[in-house]
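These notes concern the structure reproduced below.
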């Protein structure tokens with residue numbers, strides 16, 4: 001089979017960019033040498049910082065991981081992009097901060113704040129004790145320096161809340177100065193904020209559109225990027241189309257005394273979404289339950305829900321103001337944002353599970369029937385796809401595990417009764433760890449404890465079990481593909497040996513003629529003998 005256009009050119013690996021090996025360190029230095037960093041930071045350091053920036057900068061002397069937040073507030077984005085910023089270019093207009101006001105009724109009011117001064121004034125005004133608004137949520141789209149200054153100073157938010165949202169790395173190099181050191185589980189439980197990580201998949205019709213999306217992501221304040229999963233060259237795929245995966249974060253803060261206060265304020269940080277491309281498979285389904293014919297005819301017009309979902313932020317803003325769409329409505333206004341966030345993130349994880357299953361099934365068919373479905377008869381490319389998913393799936397399991405450990409213990413919900421808490425057994429080191437053993441608390445079957453937040457725990461456990469199954473399937477497929485490659489190599493070796501045997505036979509057949517020609521070339525009077533009619537006699541004598 002000839003090489004298909006689905007197969008990338010030799011050496012065409014979008015993940016291998018040797019120019020990035022030392023680029024960041026050449027710009028701002030590494031974790032072991034502050035000379036270049038101190039020299040460069042003088043260019044962006046402000047002489048008269050505002051109060052919250054001053055607090056972060058002074059605290060970074062004892063908490064070095066906060067240096068990234070201080071640099072972010074002074075540069076306006078991650079400091080690695082400092083030399084790429086051109087002062088002559090106009091800065092993009094900052095995203096407005098959305099404010100959601102919840103009261104005792106089902107109606108949710110939304111407004112936008114377009115300036116830092118108005119945001120600061122809104123925070124200072126706060127909520128009066130007798131106000132009808134019971135919970136006010138500030139939703140931030142693409143974190144910025146002015147928003148950090150206003151929210152952090154007026155609401156007395158610790159710097160770790162903003163620091164954890166700036167970058168998203170799957171892992172760190174040993175020279176990275178922007179690593180965020182983890183905290184012990186005991187310390188994490190005392191925080192009054194949580195962070196949930198999830199992934200989104202987006203379809204791009206061409207590689208040019210994907211490149212445009214990558215450039216668009218470079219314009220975000222926070223560090224996010226869509227990644228090509230290298231699985232887009234299957235027999236079923238469109239020429240040049242790419243499915244890119246983006247790791248995202250949502251960070252939610254509540255004041256420490258929100259449960260006792262009559263009214264409260266919360267902050268939610270959401271990631272921006274690139275506008276190029278389309279959501280994979282058209283996006284998430286409608287959060288409302290599918291109506292029956294009669295209820296559909298009697299329903300009121302639902303503005304905006306006829307549009308296909310495109311941006312995670314827009315979807316959150318819509319469904320956070322339509323709390324009646326959820327089958328288990330929350331009894332606390334502080335729970336509504338988390339319930340909406342869990343619903344949308346769960347949908348994204350379910351889409352990702354379906355996508356992983358699709359790609360693994362395609363690889364399986366390429367191995368079983370390579371003459372029909374493989375874009376290249378060599379199994380090397382199938383193994384490369386499996387190796388990519390072998391890297392992705394454990395990371396996704398880690399992200400889901402963090403949600404199970406942190407989100408469902410967050411203070412925005414009441415803890416389960418003490419008689420429903422069981423201590424999980426510790427399995428032997430050699431024994432496989434099941435999903436239930438990964439959890440901190442396991443409510444037994446039949447408990448009456450039910451909560452709109454913990455109701456999603458079963459879905460995330462199902463997602464975790466699916467990722468476990470996919471990990472095992474990847475390992476099995478890797479073994480199968482490796483065996484197929486070994487068989488292919490053996491067949492090629494057998495074919496090469498057969499060809500060598502043919503060459504040996506031909507060489508053996510032509511050796512006598514070569515020998516005769518060599519002997520005849522040493523006879524000076526050979527021409528006279530041949531002319532005398534002795535040709536055949538001389539040949540057979542030799």
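In the UniProt record's numbering, the protein residues as written are 1 to 542.
The beta carbon of each residue, even a glycine, is placed where N, CA and C say it ideally should be.
Every value quoted in this text rests on a predicted model; they were computed, and no experiment measured them.
Straight-line Cα distance separating residue j from residue i
i           : j           : result
residue 171 : residue 342 : 25 Å
residue 205 : residue 317 : 28 Å
residue 155 : residue 253 : 10 Å
residue 457 : residue 492 : 52 Å
residue 25  : residue 336 : 43 Å
residue 220 : residue 94  : 10 Å
residue 270 : residue 315 : 11 Å
residue 363 : residue 382 : 6 Å
residue 338 : residue 128 : 24 Å
residue 81  : residue 256 : 35 Å
residue 235 : residue 388 : 18 Å
residue 501 : residue 490 : 16 Å
residue 183 : residue 145 : 25 Å
residue 453 : residue 468 : 24 Å
residue 115 : residue 237 : 45 Å
residue 185 : residue 495 : 60 Å
residue 44  : residue 55  : 17 Å
residue 543 : residue 487 : Since the displayed the chain opens at 1 and closes at 542, residue 543 lies outside it and no answer follows.
residue 483 : residue 476 : 11 Å
residue 169 : residue 29  : 18 Å
residue 503 : residue 497 : 10 Å
residue 108 : residue 51  : 33 Å
residue 455 : residue 85  : 46 Å
residue 33  : residue 277 : 41 Å
residue 126 : residue 111 : 15 Å
residue 365 : residue 358 : 11 Å
residue 297 : residue 286 : 17 Å
residue 282 : residue 499 : 53 Å
Short Cβ contact (7 Å threshold) for residue i with residue j
i           : j           : result
residue 478 : residue 386 : yes
residue 390 : residue 474 : yes
residue 195 : residue 246 : no
residue 103 : residue 133 : yes
residue 320 : residue 135 : no
residue 177 : residue 31  : yes
residue 367 : residue 481 : yes
residue 27  : residue 83  : yes
residue 59  : residue 69  : no
residue 150 : residue 124 : no
residue 131 : residue 263 : yes
Other residues of its chain near residue i: CB distance less than 8 Å, five sequence neighbours each side excluded
i           : result
residue 46  : 53, 74
residue 380 : 485
residue 419 : With a pLDDT of 42 at residue 419, under the threshold of 50, the predicted position of this residue should be treated as unreliable, though the coordinate-derived value follows. Answer for residue 419: no residue qualifies.
residue 435 : Note that residue 435 has pLDDT 39, beneath the 50 cutoff, so the model's placement of it is unreliable and no number is given.
residue 106 : 323, 324
Rounded distance between the beta-carbons of residue j and residue i, thought under 8 Å
i           : j           : result
residue 267 : residue 140 : 7 Å
residue 243 : residue 203 : 6 Å
residue 288 : residue 325 : 5 Å
residue 344 : residue 470 : Going by Cβ atoms, the distance from residue 344 to residue 470 rounds to 22 Å, so no, they are not a contact pair.
residue 57  : residue 49  : 6 Å
residue 201 : residue 280 : 4 Å
Cβ-based neighbour list, residue i, same chain, cut-off 7 Å, excluding 5 preceding and 5 following
i           : result
residue 446 : The predicted model places residue 446 with a pLDDT of 40, which falls under 50 and marks its position as unreliable, so this point remains unresolved.
residue 78  : 72, 166, 167, 223
residue 311 : 273
residue 403 : 196, 460
residue 291 : 299
residue 240 : 206, 207
residue 142 : 95, 220, 221, 222, 272
residue 340 : 316, 319, 320
residue 179 : 172
C-beta neighbour in chain B for residue i, strict 7 Å
i           : result
residue 500 : Among the protein chains of the structure shown there is no chain B, as only one such chain exists.
Cut-off 6 Å between Cβ atoms - residues of its own chain near residue i, not counting five sequence neighbours on either side
i           : result
residue 313 : 141, 270
Next on the checklist: With a threshold of 8 Å, are at least 3 pairs of Cβ atoms found where one atom belongs to the segment 347-365 and the other to the segment 382-400?
Outcome noted: yes
Checklist entry - Pairing CB atoms from the segment 332-351 with CB atoms from the segment 454-467, are three or more of them under 8 Å? => result yes
Next on the checklist: Using a Cβ distance threshold of 8 Å, determine whether the segment 96-114 contacts the segment 63-75, with at least three qualifying pairs required.
Outcome noted: no
Next on the checklist: Does the segment 226-238 come into contact with the segment 205-216, if we say contact requires no fewer than three beta-carbon pairs (one atom in each stretch) closer than 8 Å?
Outcome noted: yes
Checklist entry - Is the segment 178-193 close to the segment 156-168, with three or more CB pairs under 8 Å? => result yes
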